[in-house]
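Below: one structure, written as structure tokens.
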DNA sequence: TTAAAATGATAGTAATACTATTATTATTTA
DNA sequence: TAAATAATAATAGTATTACTATCATTTTAA
């Protein structure tokens, strides 16, 4: 069973809603592929236009600049991840099981239950790992934050924090632990691939040790 | 008591050693100030040249591009931090005390024992928090890593990992916990300032709760 | 003191990050 | 079905960025 999914995004993320037109969806589709292939620094609207088979000017009608586009796709990812989290923890009683799901979602070990035909979520996950932090590591953070651009990230963080509190209602740092878990999952995956000496996982494709590290980190921290 | 300090950097980081000339030191000094003021994205060699009172061409004789310069200054920071760590843990017996020093160093709570007249370490710390990750989050990671550009970061990480193993020789993830601690300290400081809902620290200047969170995270994790 | 090295001044190029204009093609609505 | 409206394509243009090159001048080192 798979569910059709359309995510409604904050309208401040775009000039014209990319989800409303064929061209818009193509922009999203090809930008994910292109950013993954050449990296966000080398990514330009000119190159994207060529991939899409359109023009630079047309892309500028959808997004103010490439940074907004990055924020759009990473934010889309956080929203989708929260959906997945809700779906997969729906029938679970024990917070321990829910936390296991959170960790497996962050390490992409869970079967995706939603279809979005123009978005390759596996490649998107790769972008979030490599480039995702650049969405908020700018001089515009405060302004972007005021425009609620990071709300989906915060919502996800808050939802995870609430699960932590189910397990240990006395725990003093549920949000910090949640954001640390999200960031650490991604950063350790990045290190594992590119700077393995910063981890203890070796370079194999095996994600098991990372999952165990994250479980250890979270459960020990929540223990009292 | 303060110690004069000169850090020898990997020569692949620069074209001409900025530490060997007045102009070079000025480039470092003003780039730290300028990156802090306008952010790495808006930072250009042209603007830097104006600040320094020199020319674009002269700066290009020292650094291949602005990304190399960022890698230079962040790497310098990691080297300096390792020196501080060695210095401040020198006479300590118990690994718990050493870990406390690590956390205080990462949150900039320790008195700096070294003088480097042209480097403002407090501003540099701010840059490492906001921009530091961009040094390795690029398509050049692998190549830069092969050139050993990230060795000081890895050395620091390894040294912290060894302290963890002193406390718990059975611990399976010393390097991952060390890199997680470093990254988390900085990221939580960033969140605290710009996206406080991702933390439990509020927006006050008080670093105490962050320090306690990090202590909790590390000590619980190392507990057996 | 002279040679060598470093810097400054200036110029130039290709690419980036846009904005503007107009023609053409779809889509909506009367 | 025609007319109006909206979206896109094609094209052009500008300021800035990210460099490279050249040569004169100043500083430093042998």
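Chains as they are written, first to last, in this note's numbering: chain A, 1 to 224; chain B, 1 to 224. Don't be surprised by glycine CBs; every beta carbon is placed ideally from N, CA and C.
Residue from the options whose Cα sits closest to the Cα of residue i
{"i": "residue 101 of chain A", "options": "A/61, A/72, A/214", "result": "A/214"}
{"i": "residue 39 of chain B", "options": "B/78, B/166, B/134", "result": "B/134"}
{"i": "residue 150 of chain A", "options": "A/131, A/65, A/136, A/162", "result": "A/136"}
{"i": "residue 167 of chain B", "options": "B/224, B/55, B/116, B/7", "result": "B/224"}
{"i": "residue 125 of chain B", "options": "B/108, B/112, B/115", "result": "B/108"}
{"i": "residue 147 of chain B", "options": "B/31, B/71, B/98, B/28", "result": "B/71"}
{"i": "residue 41 of chain B", "options": "A/138, A/132, A/51", "result": "A/138"}
{"i": "residue 93 of chain A", "options": "A/17, A/183, A/163", "result": "A/163"}
{"i": "residue 34 of chain B", "options": "B/20, B/21, B/49", "result": "B/49"}
{"i": "residue 200 of chain A", "options": "B/73, B/195, B/180", "result": "B/180"}
One or two residues paired with residue i in a DSSP bridge
{"i": "residue 4 of chain A", "result": "A/115"}
Three-state class that DSSP yields for residue i in the structure shown
{"i": "residue 126 of chain A", "result": "helix"}
{"i": "residue 17 of chain A", "result": "coil"}
{"i": "residue 173 of chain B", "result": "coil"}
{"i": "residue 26 of chain B", "result": "helix"}
{"i": "residue 105 of chain A", "result": "helix"}
{"i": "residue 151 of chain B", "result": "helix"}
{"i": "residue 58 of chain B", "result": "helix"}
{"i": "residue 36 of chain B", "result": "helix"}
{"i": "residue 139 of chain B", "result": "coil"}
{"i": "residue 31 of chain B", "result": "helix"}
{"i": "residue 94 of chain B", "result": "coil"}
{"i": "residue 9 of chain A", "result": "coil"}
{"i": "residue 110 of chain B", "result": "coil"}
{"i": "residue 204 of chain B", "result": "coil"}
{"i": "residue 223 of chain A", "result": "coil"}
{"i": "residue 120 of chain B", "result": "coil"}
Chain A contact for residue i (CB, 8 angstroms cutoff)
{"i": "residue 187 of chain B", "result": "yes"}
{"i": "residue 245 of chain B", "result": "In this structure chain B extends from 1 to 224, so residue 245 of chain B is not present and cannot be described."}
{"i": "residue 180 of chain B", "result": "yes"}
{"i": "residue 225 of chain B", "result": "Residue 225 of chain B lies beyond the residue range present for chain B, which begins at 1 and ends at 224; the question has no answer from this structure."}
{"i": "residue 133 of chain B", "result": "yes"}
{"i": "residue 31 of chain B", "result": "no"}
{"i": "residue 213 of chain B", "result": "yes"}
Minimum Cβ-Cβ distance from residue i to chain B less than 8 angstroms
{"i": "residue 197 of chain A", "result": "yes"}
{"i": "residue 145 of chain A", "result": "yes"}
{"i": "residue 43 of chain A", "result": "no"}
{"i": "residue 107 of chain A", "result": "no"}
{"i": "residue 154 of chain A", "result": "yes"}
{"i": "residue 63 of chain A", "result": "no"}
{"i": "residue 47 of chain A", "result": "no"}
{"i": "residue 13 of chain A", "result": "no"}
Cross-chain neighbours of residue i in chain A, by beta carbon under 7 angstroms
{"i": "residue 167 of chain B", "result": "Near residue 167 of chain B there are no residues of chain A at all, since even the closest Cβ is about 14 angstroms away, more than 7 angstroms."}
{"i": "residue 172 of chain B", "result": "200"}
{"i": "residue 223 of chain B", "result": "220"}
{"i": "residue 114 of chain B", "result": "Simply none; closest approach about 25 angstroms."}
Proximal residues of chain A, C-beta to C-beta of residue i below 8 angstroms
{"i": "residue 136 of chain B", "result": "194, 195"}
{"i": "residue 183 of chain B", "result": "183, 184, 187"}
{"i": "residue 150 of chain B", "result": "195"}
Interface residues of chain B facing residue i [CB-CB closer than 8 angstroms]
{"i": "residue 141 of chain A", "result": "194, 195"}
{"i": "residue 124 of chain A", "result": "The contacting residues do not exist; residue 124 of chain A stays about 16 angstroms from chain B at best."}
Contacts that residue i makes with chain B (C-beta to C-beta distance below 7 angstroms)
{"i": "residue 191 of chain A", "result": "179"}
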